[in-house]
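*Asks:* Following UniProt numbering, the numbering of the sequence shown begins with 1 at its first residue and continues without gaps.
Below is one structure. I have some questions about it.
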Amino acid sequence: MRVLVTGGAGFIGANFVRQTLTERPDVQVTVLDKLTYAGSRGSLAGLDVELVEGDVADRDVVDPLVAQADVVVHFAAESHNDNSLNDPWPFVHTNIVGTFTVLEAVRRHGTRLHHISTDEVYGDLELDDPAKFTATTPYNPSSPYSSTKAGSDMLVRAWVRSFGVAATLSNCSNNYGPYQHIEKFIPRQITNVLDGRRPKLYGAGLNVRDWIHVADHNAAVWDIIDRGQVGRTYLIGADGEMSNKAVVELVLELLGKDPGDYDHVADRPGHDLRYAIDSRPLREELGWEPRFHDFRAGLADTIEWYRTNEAWWRPQKDAVEAKYAATGQ
């Protein structure tokens with residue numbers, strides 16, 4: 001099988017490539033990545049993959065790659081909420097125009113597509129609401145990031161219905177694990193502590209996220225590619241709800257620090273309260289189950305990865321923290 005992975009030098013995409021090559025040695029992988037600040041050649045170091053540097057919104061780059069592929073796994077996206085608030089245009093370009101470009105290419109060549117999305121398209125839930133997001137939850141995005149991902153989902157569904165594109169979709173909860181850019185919440189806190197800085201917590205830190213290890217997410221993606229029903233949307237979550245405050249305190253505890261040794265900073269505008277995924281259809285229909293049931297153990301493994309891979313994140317650290325300092329965060 002020949003697989004094209006868009007955004008395969010980013011966090012989830014690079015982990016998908018690594019996991020695929022380990023577990024499916026018969027698969028040939030080509031990565032298309034623009035190699036922006038969030039994409040790193042180092043995340044693919046030592047792997048037998050073809051890496052094409054290019055823009056997912058560039059038809060001349062995308063079309064010949066899709067023509068050679070049996071499956072396209074579309075991870076490529078701008079994905080950091082804070083950045084989308086500062087400059088929405090890259091999110092429109094990559095998430096909307098890029099997805100349109102991929103859809104037109106798979107339509108021309110009859111190529112199977114799996115589209116990666118986020119639970120943030122559904123908006124948020126109240127902290128005391130027992131409900132969880134399902135595939136039929138109405139979309140209610142609250143940021144340029146989540147709204148452009150919602151738009152990309154709608155494009156995929158329209159191309160399935162209007163043009164018969166063979167596509168599946170998945171909306172996943174918050175991922176954690178190795179190779180995640182240090183602007184993101186968990187790696188930022190880990191590298192702050194490793195760097196002798198105090199972790200930073202938006203607002204009161206009561207916002208709840210449904211955490212899933214990146215390896216579990218990617219295992220689910222392959223289950224959907226292998227056995228999922230074309231046109232369906234599958235929600236991927238591991239029942240890992242935890243407040244941001246609890247996560248920061250656990251990071252500190254696992255690193256041998258006082259769990260209260262962090263700073264509260266200005267909250268993000270429009271900060272969603274709570275995400276929660278109902279993944280029962282994925283589990284019951286496709287037999288997927290998360291392997292990382294214990295968030296504490298998974299977080300400890302992630303901390304150890306950042307501890308032993310300082311050369312991967314160190315060059316970016318000062319610039320990331322300077323950017324946050326300029327906004328009071």
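Built from N, CA and C at the ideal position, the CB exists for glycine as well.
Everything numeric in this text was worked out from a predicted model, so none of it was measured.
Looking only at C-alpha atoms, which of Val208, Leu125 and Asp223 sits nearest to Val247?
*Replies:* If you number the sequence shown from 1, residue 247 lands on position 247. Of the candidates Val208, Leu125 and Asp223, the one whose C-alpha sits nearest the C-alpha of Val247 is Val208.
*Asks:* Tell me which same chain residues have a C-beta within less than 7 Å of the C-beta of Thr94, skipping the five on either side of it?
*Replies:* Mapped onto the sequence shown, residue 94 falls at position 94. Same-chain partners within the cutoff: Val56, Ala57, Ala76, Ala77 and Glu78.
*Asks:* How do the stretch 231 to 249 and the stretch 308 to 318 stand: do at least 3 beta-carbon pairs fall below 8 Å, yes or no?
*Replies:* With a cut-off of 8 Å, the stretch 308 to 318 and the stretch 231 to 249 do not count as touching, because too few Cβ pairs lie within range.
*Asks:* Assuming Leu201 contacts Asp258 (C-beta within less than 8 Å), just tell me the rounded distance between them.
*Replies:* Taking the sequence shown and counting its residues from 1, one reaches residue 201 at position 201. Taking the sequence shown and counting its residues from 1, one reaches residue 258 at position 258. With 8 Å as the limit, Leu201 and Asp258 do not qualify as a contact, their Cβ atoms being about 14 Å apart.
*Asks:* Which term fits Arg18, buried or exposed, when burial requires 16 or more other beta carbons within 10 angstroms of its beta carbon?
*Replies:* On the sequence shown, residue 18 is found 18 positions in, with the first residue counted as 1. By the neighbour-count rule (16 or more Cβ atoms within 10 Å), Arg18 is buried.
*Asks:* Between Ala150 and Pro141, what straight-line distance do the alpha-carbon atoms span, to the nearest angstrom?
*Replies:* Within the sequence shown, numbered from 1, the residue matching residue 150 stands at position 150. Within the sequence shown, numbered from 1, the residue matching residue 141 stands at position 141. Between Ala150 and Pro141, the C-alpha separation is close to 7 Å.
*Asks:* Considering only residues of the same chain and omitting the five flanking positions on each side of Gly46, which have a CB-CB separation below 8 Å?
*Replies:* What you label residue 46 is simply residue 46 of the sequence shown in a count that begins at 1. There are no such residues.
*Asks:* Would you say the stretch 121 to 133 touches the stretch 82 to 89, given that touching needs at least three Cβ pairs under 8 Å?
*Replies:* With the cut-off at 8 Å, the stretch 121 to 133 and the stretch 82 to 89 do not touch.
*Asks:* Which runs of the alpha helix (DSSP H) spanning at least 4 residues fall entirely within the stretch 237 to 261, listed in chain order?
*Replies:* Taking only runs of at least 4 residues, the alpha helix (DSSP H) segments lying wholly in the stretch 237 to 261 are 244 to 254.
*Asks:* Near Gly228, what residues of its chain come up, given a Cβ to Cβ distance below 7 Å and the 5 sequence neighbours on each side ignored?
*Replies:* Taking the first residue of the sequence shown as 1, we reach residue 228 at position 228. Once the five neighbours on either side are set aside, the close Cβ partners of Gly228 are Thr168, Tyr234 and Leu286.
*Asks:* Would you say Ala297 faces chain C, with C-beta separation under 8 Å as the test?
*Replies:* You won't find chain C in this structure, because it holds only one protein chain.
*Asks:* In whole angstroms, what is the alpha-carbon distance linking His217 and Thr22?
*Replies:* Position 217 of the sequence shown, counting from 1, holds the residue named residue 217. Position 22 of the sequence shown, counting from 1, holds the residue named residue 22. Answer to the nearest angstrom: the Cα atoms are 16 Å apart.
*Asks:* Where does the unbroken alpha helix (DSSP H) through Glu310 begin, and where does it stop?
*Replies:* Locating residue 310 in the sequence shown gives position 310, counting from the first residue. Start and end: Glu310 to Ala326.
*Asks:* Over what stretch of residues does the beta strand (DSSP E) that includes Tyr202 continue unbroken?
*Replies:* Position 202 of the sequence shown, counting from 1, holds the residue named residue 202. Tyr202 -> beta strand (DSSP E) spans Lys200 to Tyr202.
*Asks:* So, are the CB atoms of His74 and His115 less than 8 Å apart?
*Replies:* Numbered from its first residue, the sequence shown carries residue 74 at position 74. Numbered from its first residue, the sequence shown carries residue 115 at position 115. In contact: His74 and His115 (Cβ atoms closer than 8 Å).
*Asks:* What does DSSP give as the partner residue(s) for Ser117 in the beta ladder?
*Replies:* The sequence position of residue 117 within the sequence shown is 117, counting from 1. For Ser117, which the question treats as bridged, DSSP gives the partners Asn171.
*Asks:* Find out if the Cβ-Cβ distance for the pair Phe292, Ala238 is shorter than 8 Å.
*Replies:* One-based indexing of the sequence shown puts residue 292 at position 292. One-based indexing of the sequence shown puts residue 238 at position 238. Yes, they are a contact pair.
*Asks:* So, at 8 Å on beta carbons, what are the nonlocal neighbours of Pro193 in its own chain, with the 5 sequence-adjacent residues on each side left out?
*Replies:* Numbered from 1 along the sequence shown, position 193 holds the residue referred to as residue 193. A small fix is needed here, since residue 193 is Val in this sequence, not Pro. Closer than 8 Å at Cβ, skipping near neighbours: Pro199, Val251, Leu252, Leu255 and Lys257.
*Asks:* The alpha helix (DSSP H) spanning Ser73 covers which residue range?
*Replies:* Stepping through the sequence shown from its first residue, residue 73 is reached at position 73. Going by the sequence as given, residue 73 is Val instead of Ser. Careful: Val73 lies outside any alpha helix (DSSP H), inside the beta strand (DSSP E) at Val71 to His74.
*Asks:* Are the beta-carbon atoms of Asn174 and Ile212 separated by less than 8 Å?
*Replies:* Within the sequence shown, the letter at position 174 stands for residue 174. Within the sequence shown, the letter at position 212 stands for residue 212. The answer is yes: Cβ separation under 8 Å.
*Asks:* According to DSSP, what are the bridge partners of Leu32?
*Replies:* Taking the first residue of the sequence shown as 1, we reach residue 32 at position 32. The partner list for Leu32 (beta bridge, DSSP) reads Thr6 and Val52.
*Asks:* The beta strand (DSSP E) that contains His264, what's its start and end?
*Replies:* In the sequence shown, counting from the first residue as 1, residue 264 sits at position 264. His264 -> beta strand (DSSP E) spans Asp263 to Val265.
*Asks:* Give me whichever residues DSSP pairs with Arg209 in a beta bridge.
*Replies:* As a working note, residue 209 is residue 209 in the sequence shown. DSSP output for Arg209 lists Met242 as bridge partner(s).
*Asks:* For Phe133 versus Asp119, is the C-beta distance shorter than 8 Å?
*Replies:* In the sequence shown, the residue the question calls residue 133 occupies position 133. In the sequence shown, the residue the question calls residue 119 occupies position 119. Yes; because the gap between Cβ atoms is below 8 Å, this pair is in contact.
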